[in-house]
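Each remark here refers to the structure printed beneath this line.
Residue numbers (my numbering): 8 to 275.
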């Protein structure tokens, strides 16, 4: 016999044995299911499987013989549970029917909840995007206002009667408000008042403070330099006060004659 024929014959035998094995496994599975689902004596079930049909019930040695009603009830419940599970799986697997009839109440509720959740999330994202744009636009608007704003003399500005300044409407230094100049006059006057406490005063501290501030203002072109010079002048006066020395100041007659303080204007 040729090797090819032997191989074919062996192949046929193996296929036949596989079929017999599959049939035996199927039969054994059916008997196992019958043993689990059927309500009868377990010993009789085993005996019938092995060909013994005359075996009497064991009476009190298995669950059925001990409690037939309870066993039958549990078997019925098991079969009902299996049937409901099969139906539920079949209904979930049948997607075509779900698409055809809208999926029923459960599918409709799930779809509605999903849509509602999706819509809410999208709406929140849109609202957050709008809010973010508004915040960014507001910040840019604030910056534009700050950049475009030019500090100018206000027509309703009321000159200080306590610490007056010369030429309050002058614009020799851009973006410098007259109120800022008045504050400098005040600081210089207070420093001079402390320094001249034990000395003869050539003039009032306010007049000297006004003249010193005006001298710095008219010889300065920027706010930064103005701040530096005024701070240096105040520091110079305070240093002399600590050393016990007098700050020398000579009033300018020509300018003092032409200058009329706000106090004088009000009292006149």
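Even for Gly, the Cβ is constructed at its ideal location relative to N, Cα and C.
Segment limits, alpha helix (DSSP H) that includes residue i
i	result
residue 213	212-225
residue 182	Per DSSP, residue 182 belongs to no alpha helix (DSSP H) and is neither H nor E.
residue 241	230-250
residue 47	Unbroken run through residue 47: none, as it is neither H nor E.
residue 71	70-73
When the options are compared against residue i, the one with the closest alpha-carbon
i	options	result
residue 255	227, 233, 203 and 225	203
residue 79	87, 46 and 53	46
residue 191	34, 257, 205 and 223	223
residue 221	76, 85, 176 and 126	176
residue 184	194, 200 and 166	166
residue 215	170, 83 and 77	170
residue 86	241, 41 and 208	41
residue 208	243, 234, 251 and 258	258
residue 243	82, 231, 219 and 225	219
Presumed contact (8 Å Cβ cut-off) between residue i and residue j, rounded CB distance
i	j	result
residue 172	residue 237	Incorrect: roughly 12 Å between the Cβ atoms, too far for contact.
residue 82	residue 129	That pair is no contact at about 52 Å.
residue 231	residue 182	With 8 Å as the limit, residue 231 and residue 182 do not qualify as a contact, their Cβ atoms being about 11 Å apart.
7 Å CB neighbourhood of residue i in its chain, flanking five on each side removed
i	result
residue 228	180
residue 212	196, 199, 200 and 203
residue 159	Any reading at residue 159 must be qualified, since the residue scores a pLDDT of 49, below 50, and its modelled position is unreliable; no value is offered.
residue 206	253
residue 241	194, 195 and 198
residue 225	179
residue 189	167, 170 and 172
Own chain residues within Cβ distance below 8 Å of residue i, not counting five before or after
i	result
residue 64	48, 50, 51 and 72
residue 66	72
residue 247	202, 253 and 254
residue 60	54
residue 21	none
residue 193	169, 170 and 216
residue 133	none
residue 250	none
Beta-carbon proximity list for residue i, same chain, < 6 Å, skipping 5 on both sides
i	result
residue 38	56
residue 245	198
residue 77	none
residue 272	Note that residue 272 has pLDDT 49, beneath the 50 cutoff, so the model's placement of it is unreliable and the number below is only indicative. Taken in chain order, the list of residues that qualify is empty.
residue 187	none
residue 70	78
residue 36	none
Below-8 Å beta-carbon distance, residue i vs any chain C residue
i	result
residue 205	Annotation note: the requested chain C is absent from the structure, which comprises a single protein chain.
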